[in-house]
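Residue numbers (this note's numbering), protein chains in the order written: chain D, 25 to 363; chain X, 25 to 363. Don't be surprised by glycine CBs; every beta carbon is placed ideally from N, CA and C. Given the structure is predicted, the values throughout are model-derived calculations rather than measurements.
There are 2 protein chains.
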Amino acid sequence: MIGFGNVGQAFAKLLISRRGWLRETYGLEVEVLAISTRTRGSLLPNMAIDLSQVLGMLEKGGTFRDSLPGYVDLSPIEILEACDANVMVELTTLNIGSGQPAIDHIRKALSRGMHVVTANKGPLAYAYDELSSLARSRGLQFRFEGTVMDGTPVFNLVERTLPGCEVEGVRGLLNSTSNYVLTEMSRGKSMEDVLSDAVRLGFAEADPSLDVDGWDAAAKITVLANVLMGAGSTPNEVDRAGIRGIDPESVRKAAASGMKYKLVASAEKAEGDVRTCVRPELVGPEDLFWSVDGRSSAITLKTDLMGEISVVEHDPSIMQTAYAIYSDLLLIAESLKAF
Amino acid sequence: MIGFGNVGQAFAKLLISRRGWLRETYGLEVEVLAISTRTRGSLLPNMAIDLSQVLGMLEKGGTFRDSLPGYVDLSPIEILEACDANVMVELTTLNIGSGQPAIDHIRKALSRGMHVVTANKGPLAYAYDELSSLARSRGLQFRFEGTVMDGTPVFNLVERTLPGCEVEGVRGLLNSTSNYVLTEMSRGKSMEDVLSDAVRLGFAEADPSLDVDGWDAAAKITVLANVLMGAGSTPNEVDRAGIRGIDPESVRKAAASGMKYKLVASAEKAEGDVRTCVRPELVGPEDLFWSVDGRSSAITLKTDLMGEISVVEHDPSIMQTAYAIYSDLLLIAESLKAF
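This is the structure in structure tokens:
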């Protein structure tokens, strides 16, 4: 595991709670062999890491150096070179400008013969074609369900349940913080108050620019366009506007006429190219997105053979992101069994 | 292919149009070896059937006896005994009282070593446990995505993209004719007029009881409960009320207060059992289902690890049912390749 923040810790808790079930139902024993963190040092014992011990230590505010077995002062790349895991789980934080160093972590893991699971949008937004080719050429799996809408099936939906179907367009509410802010503003709060609440509750970053300026949504629509529509694009190519310019008066006026502002991300084919866009739109109640409030998110896929289908995630917590990693890991385990 | 009505013919057209793509992308050659119909006789030539010829004949109002090669006067069971196909596609019409004779067709196909794809709810509503055990014991696939919400991923979604997740409850708008009738009534039409329009347009049965009395929705929620929640129940155990009792005055009143009637089918765990229910409910615009109008349908799955997710199918046509068969067939082809 490269990165062990909120998502990594939630995933570790999920692994612990499902250990018996995994053994009985899948015949699967999941052992974490190494954990690399940016601020706490890294662990690389020559045995499975005791996740409960690690989580307990972190809860008490401790660092890895204190008393955990296998403490090492190695970089993520050095950890990947020294470790013989089957799977690398990449959970470092998003670098919206380049996707690094996560791209390097994934390159290294694949070149070392590890399958890769990530919830980090950066590598998909900046290097999807390269990394997926590398994985394919090595017969390895590269899974990333958690990059968009947490563990809600989007990429796995298209790959595993819509065979032979081409995605021609995508439209979604992909940034839950923006959606939460707009919902609370429609109830009379100011954007500043809502954002500071969100930071306090732990689901928005201290720097809200990624969310309110549409960068997070831009990264996600880029990932969708790259993976589902072969766009080969980056977040910089998204025609992007966030919610920062929306004032309380506009929200009130919209509400008075039964409308809501939503931050809509979209991708569509146009003249042999894929055009991506993030911008606030006014939607009425006849639009599916009208009812998708708060931290919920939604996506509509326009396909050639199956027409339009939508998927909605209702009121997610960190557990749904942890499930994304968990489900990708199980899909890898299943495929290894099948061959 | 057992049954060759609207869905079977749409599937045949899809197969013809994708033949080149299937060959190039999947290395897959799909040949239809036999077609059995209730009223037009059957075809069992000792070669692949020319689907274009069959469709052309039917368009001109002809029957199989006229001039098609391989005409035989055999029952579906006799066809299955005489034919050596890899896959049987069951598309006979729903028998809401027993699921027969489709159950016998599927039993026979599985016992002859054929994988099975069906869009027929009956066998799943009356004999899911038996048929799925039989398939498993023979190492065969039994796929039925088309039984609920056409080709929209529901069963394949849970099976293939939500590993390790348990479904704890289901709530859906599953009968498109009822939804269409309620939508049109809210625009001032009478139920009788809407139904006769629907019959004329070819998407409702001449006998509307299956739809307006909630039997179709009851069959579907039974299938969902059986497959996703291990209910082992039948449509007769559903607490069922259809839309027949809803008068124009009630619909008008609801609309005046911003509400809509929707025929909601649900399944939930209760005291070690699964309780299934179909009944009209009043929903407001904050409910996702409010915006799901006309022939669209929707389902919300409540799960243990992924919280609540919904899937919506927008304005389907017969092509989306054909895609259900097609996608199940491709999933079978993929799994045969993998082993």
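In the displayed model, residue 35(X) falls within a helix according to three-state DSSP. Residues of the region 308-323 of chain D with a C-beta atom less than 8 Å from some C-beta of chain X are 309, 310, 311, 312, 314, 315, 316, 317, listed in chain order.
Residue 48(D) counts as exposed, since fewer than 16 other beta carbons sit within 10 angstroms of its beta carbon. In this structure, the straight-line span from the alpha carbon of residue 38(X) to that of residue 164(D) is close to 33 Å. Within the region 222-277 of chain X, complete alpha helix (DSSP H) segments of at least 4 residues are found at 233-236, 239-253, given in chain order. In the three-state reduction of the DSSP assignment, residue 287(X) falls in the strand class. Residues of chain D whose Cβ lies closer than 7 Å to the Cβ of residue 344(X) are, in chain order, 330, 331. Within chain D, 180, 184, 185 have C-beta atoms less than 8 Å from the C-beta of residue 184(X), given in sequence order. In the same chain as residue 75(X), and ignoring 5 residues on each side of it, the C-beta atoms closer than 7 Å to its own belong to 36, 39, 40, 56, in chain order.
Taking all protein chains in view, the Cβ of residue 215(X) is crowded by 16 or more other Cβ atoms within 10 Å, so the residue is classified as buried.
From the beta-carbon of residue 188(D), the residues of chain X found nearer than 9 Å are 42, 45, 46, 49, 50, 347, 350, 351, 354.
Using a CB distance cut-off of 9 Å, residue 163(D) does not count as an interface residue toward chain X. Counted as a single uninterrupted DSSP element, the beta strand (DSSP E) harbouring residue 333(X) occupies residues 332-338.
The beta-bridge partner set that DSSP reports for residue 192(D) is empty. Closest option to residue 108(D), judged by alpha-carbon separation, among 320(D), 314(D), 58(D): 58(D). If you check the CB distance, residue 305(X) and residue 298(X) do not come in under 9 Å.
For residue 142(X), the enclosing beta strand (DSSP E) covers residues 139-142. Beta-bridge partners of residue 215(D) (DSSP): none assigned.
DSSP places residue 111(D) inside the beta strand (DSSP E), whose first and last residues are 111-114. Between residue 152(X) and residue 27(X), the CB-CB gap reaches or exceeds 9 Å. Contact annotation, residue 147(X) with residue 155(X): C-beta distance approximately 6 Å; criterion of less than 8 Å satisfied. Its chain contains 55, 56, 57 as the residues whose beta carbon lies nearer than 7 Å to that of residue 72(D), once the 5 sequence neighbours on both sides are disregarded; these appear in chain order. Classified as exposed, residue 230(D) has fewer than 16 neighbouring CB atoms from the shown chains inside 10 Å of its CB. For residue 104(D), the secondary structure class from DSSP, reduced to helix, strand or coil, is helix. Counting of Cβ neighbours within 10 angstroms places residue 286(X) among the buried residues, the total reaching 16 or more. Under DSSP, residue 220(X) takes part in no beta bridge, so it has no partner.
In this structure, the CA atom of residue 275(D) is about 59 Å from the CA atom of residue 84(X). Secondary structure note for residue 79(X): it is in no beta strand (DSSP E), and the uninterrupted alpha helix (DSSP H) holding it is 75-83. The C-alpha of residue 317(D) is placed about 23 Å away from the C-alpha of residue 145(D).
For residue 340(X), the chain D residues whose C-beta falls within less than 8 Å of its own C-beta are 331, listed in chain order. Scanning its chain for C-beta atoms nearer than 7 Å, with the 5 sequence neighbours on each side dropped, one finds around residue 278(D) the residues 284, 285, 306, in chain order. For residue 153(X), the uninterrupted alpha helix (DSSP H) run begins and ends at 145-161, by DSSP.
Between residue 29(X) and residue 236(X), the alpha-carbon positions lie close to 22 Å from each other.
Here the alpha carbon of residue 105(D) sits roughly 10 Å from the alpha carbon of residue 98(D).
CA-to-CA, the gap between residue 267(D) and residue 254(X) works out to about 45 Å. Within the DSSP secondary-structure output, residue 49(X) pairs in no beta bridge.
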